[in-house]
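Peer 1: According to full-length UniProt numbering, the sequence shown is numbered sequentially starting from 1.
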Amino acid sequence: MRIGRPRFSDRLKRRVLGLSAAALVLPLAAGIAGTAVAGAAPVAHRAPAGGFEEVMVPSSMGPIKVQIQWASRGGDAALYLLDGLRARNDRNAWSFETNALDQFRNDNVTLVMPVGGESSFYSDWISPSNFNGQDGTYKWETFLTKELPDYLETRGVSRSNNGILGLSMGGSAALTLAAYHRDQFKFAASLSGYLNISAPGMREAIRVAMLDAGRYNVDAMWGPPWSKAWLRNDPFVFAPKLKGLSMYVSAASGLPGQYDRPSSAIDYYNTANGMALEALSLANTRAFQVRLGTLGIPATYNFPATGVHSWRYWQDELGNARGQILDALNAR
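(1) Kindly indicate which residue of Asp-219, Asp-102, Glu-153 has the alpha-carbon position closest to the one of Ser-129.
(2) Pull up the DSSP beta-bridge partners for Gln-69, would you.
(3) DSSP has Asp-219 in a bridge; who is on the other side?
(4) Out of curiosity, what's the CA-to-CA distance linking residue 334 and Arg-286?
(5) Less than 7 Å separating the beta-carbons of Phe-236 and Arg-291?
(6) Using three-state DSSP, classify Asp-316 as helix, strand or coil.
(7) Could you name each continuous beta strand (DSSP E) segment of 3 residues or more that falls completely within the region 241-295, going from the start of the chain to the end?
(8) So Ile-197 is in the alpha helix (DSSP H); what residue range does that whole segment cover?
(9) Could you give the distance in angstroms between the alpha-carbon of Arg-203 and the alpha-carbon of Ala-173?
(10) Is it right to say Arg-7 is buried, meaning 16 or more other beta carbons lie within 10 angstroms of its own, or is it exposed?
(11) Between the region 289-307 and the region 82-99, do three or more beta carbon pairs fall short of 8 Å?
(12) Is the region 150-165 close to the region 199-215, with three or more CB pairs under 8 Å?
(13) By a C-beta neighbour count over all protein chains shown, 10 Å radius and 16 as the cutoff for buried, is Glu-226 buried or exposed?
(14) Tell me whether the region 134-147 and the region 49-62 touch, counting them as touching only if at least three CB pairs, one residue from each stretch, are closer than 8 Å.
(15) What does a CB cutoff of less than 6 Å around Glu-53 pick up in its chain, not counting 5 residues either side in sequence?
(16) Give the secondary structure of Leu-329 by DSSP, where H, G and I count as helix, E and B as strand, and everything else as coil.
(17) How is Leu-191 classed by DSSP in three states: helix, strand or coil?
(18) From what residue to what residue does the alpha helix (DSSP H) around Gly-171 run?
(19) Is it the case that the Cβ atoms of Met-247 and Ala-328 are separated by a distance below 7 Å?
(20) Measure the beta-carbon distance from Asn-161 to Ala-283 and round it to whole angstroms, keeping in mind my assumption that it falls under 8 Å.
(21) Check Thr-142 in the structure and name its three-state DSSP category.
(22) By the DSSP assignment, the alpha helix (DSSP H) with residue 362 in it spans what residues?
(23) If you draw a straight line from the alpha carbon of Gly-323 to that of Ala-47, how long is it in whole angstroms?
(24) With a Cβ-Cβ cutoff of 7 Å, do residue 353 and Ser-120 count as a contact?
(25) What are the boundary residues of the beta strand (DSSP E) that Leu-81 is part of?
(26) What number of angstroms, rounded off, separates the C-alpha of Pro-240 from the C-alpha of Arg-182?
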């Protein structure tokens, strides 16, 4: 039997069925496509122009809060501000212990203030601290040099036009992160940092300090004192990697100054403690200065005649470094 062309009525039925199927499929496909787009991170070409925001940024450590003051004119430069050894989990102390936000409010640079990291040295640790039952392993270097820049890039912040500044623990970490991530940072500053941690007694002092600040086991950070990880994180040792970097380095004398007015027993204790910590930082910083000098690497130094290890002095030093920061990041 010869098969002929389908009759017109058959062809019409098939077309109607095809259109009906398409009508069912298209809304489903549209729904799937809409979900994918909604889940994607928005990519902005410019950062917001001014304003303050708190965001939660995904990381291997879980969501990390980051406080952000956006560049006043939507520029792509950013300054990371690192906290000290007793970093809190609710706010970065630069946001409330100092007037950092006011200092840079009219400048074309975004302030990036990560929250947390007590006793971390903002480093990638080997394992969780077993002394205090830490849930996960600190991975702060990964966060600050990969995960956080990934997020900031979606908000218009450059991956390569950044500065980093910290005090005490954060000062040492700022130089470490800048040294190993030169493609990210054009400026680094250490305020009262510990920049010669291979000096006699320093590793033991760090161990004691971290036990006092959260009962952290320093061996979970860089391993035993003879581990190469200690050398990797010692600014005195990796100093050659800092060549060509714009740097601001300071430490005060440890003598009480204009902001020290103890009136109670706890005030006197805190002042004495601040004096000792600052004197130790000064010895470290002076040694680091000599090291850079022998290598022919320039930096801006400031050694105030008075001042202890406390926030009002670091606020002043941030103000002293501000012009150099803006110039290095072309953010005036």
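Cβ atoms here follow ideal geometry from the backbone N, Cα and C, with glycine treated the same way. Predicted model only: the values in this text are computed from it and were never measured.
Peer 2: If we stick to the structure as given:
(1) Taking the sequence shown and counting its residues from 1, one reaches residue 129 at position 129. Ranking Asp-219, Asp-102, Glu-153 by Cα distance to Ser-129 puts Asp-219 first.
(2) Here residue 69 corresponds to residue number 69 of the sequence shown, with the count starting at 1. Note: Gln-69 sits in a beta bridge opposite Phe-52, Leu-111.
(3) On the sequence shown, position 219 is the one that residue 219 refers to. None; Asp-219 has no bridge partner.
(4) A query on residue 334 cannot be resolved here, the shown segment of the chain reaching from 1 to 332 and no further.
(5) The sequence position of residue 236 within the sequence shown is 236, counting from 1. The sequence position of residue 291 within the sequence shown is 291, counting from 1. Contact: yes.
(6) As a working note, residue 316 is residue 316 in the sequence shown. Three-state DSSP puts Asp-316 in a helix.
(7) 246-250
(8) In the sequence shown, counting from the first residue as 1, residue 197 sits at position 197. Note, Ile-197: premise wrong, no alpha helix (DSSP H); not H, not E.
(9) Start at 1 with the first residue of the sequence shown, and residue 203 comes out as number 203. Start at 1 with the first residue of the sequence shown, and residue 173 comes out as number 173. Between Arg-203 and Ala-173, the C-alpha separation is close to 15 Å.
(10) On the sequence shown, residue 7 is found 7 positions in, with the first residue counted as 1. For Arg-7, the predicted structure reports a pLDDT of 47, less than 50, and the residue's modelled location is therefore unreliable. A value from the coordinates is still provided. So Arg-7 ends up on the exposed side.
(11) no
(12) no
(13) Mapped onto the sequence shown, residue 226 falls at position 226. The sequence given here places Trp at residue 226; Glu does not occur at that position. Exposed, because fewer than 16 other Cβ atoms sit within 10 Å of the Cβ of Trp-226.
(14) yes
(15) Position 53 of the sequence shown, counted from the start, is the residue given in the question as residue 53. Taken in chain order, the residues that qualify are Ile-68.
(16) Here the question's residue 329 lines up with position 329 in the sequence shown. It is coil, neither helix nor strand.
(17) By 1-based counting over the sequence shown, the position of residue 191 is 191. Three-state DSSP puts Leu-191 in a strand.
(18) Stepping through the sequence shown from its first residue, residue 171 is reached at position 171. Residues 169-180.
(19) The residue given as residue 247 occupies position 247 in the sequence shown. The residue given as residue 328 occupies position 328 in the sequence shown. No.
(20) Taking the first residue of the sequence shown as 1, we reach residue 161 at position 161. Taking the first residue of the sequence shown as 1, we reach residue 283 at position 283. With a Cβ gap of about 34 Å, Asn-161 and Ala-283 do not count as contacting.
(21) In the sequence shown, the residue the question calls residue 142 occupies position 142. Note: Thr-142 maps to helix in three-state DSSP.
(22) No statement about residue 362 is possible, as the shown extent of the chain runs from 1 to 332 and does not include it.
(23) Mapped onto the sequence shown, residue 323 falls at position 323. Mapped onto the sequence shown, residue 47 falls at position 47. Distance between the alpha carbons of Gly-323 and Ala-47: 22 Å.
(24) Examination of residue 353 is not possible in this model, given that the chain is present from 1 through 332 alone.
(25) Indexing the sequence shown from 1 puts residue 81 at position 81. Run containing Leu-81: 77-82, per the beta strand (DSSP E) assignment.
(26) Indexing the sequence shown from 1 puts residue 240 at position 240. Indexing the sequence shown from 1 puts residue 182 at position 182. Whole-angstrom Cα-Cα distance: 12 Å.
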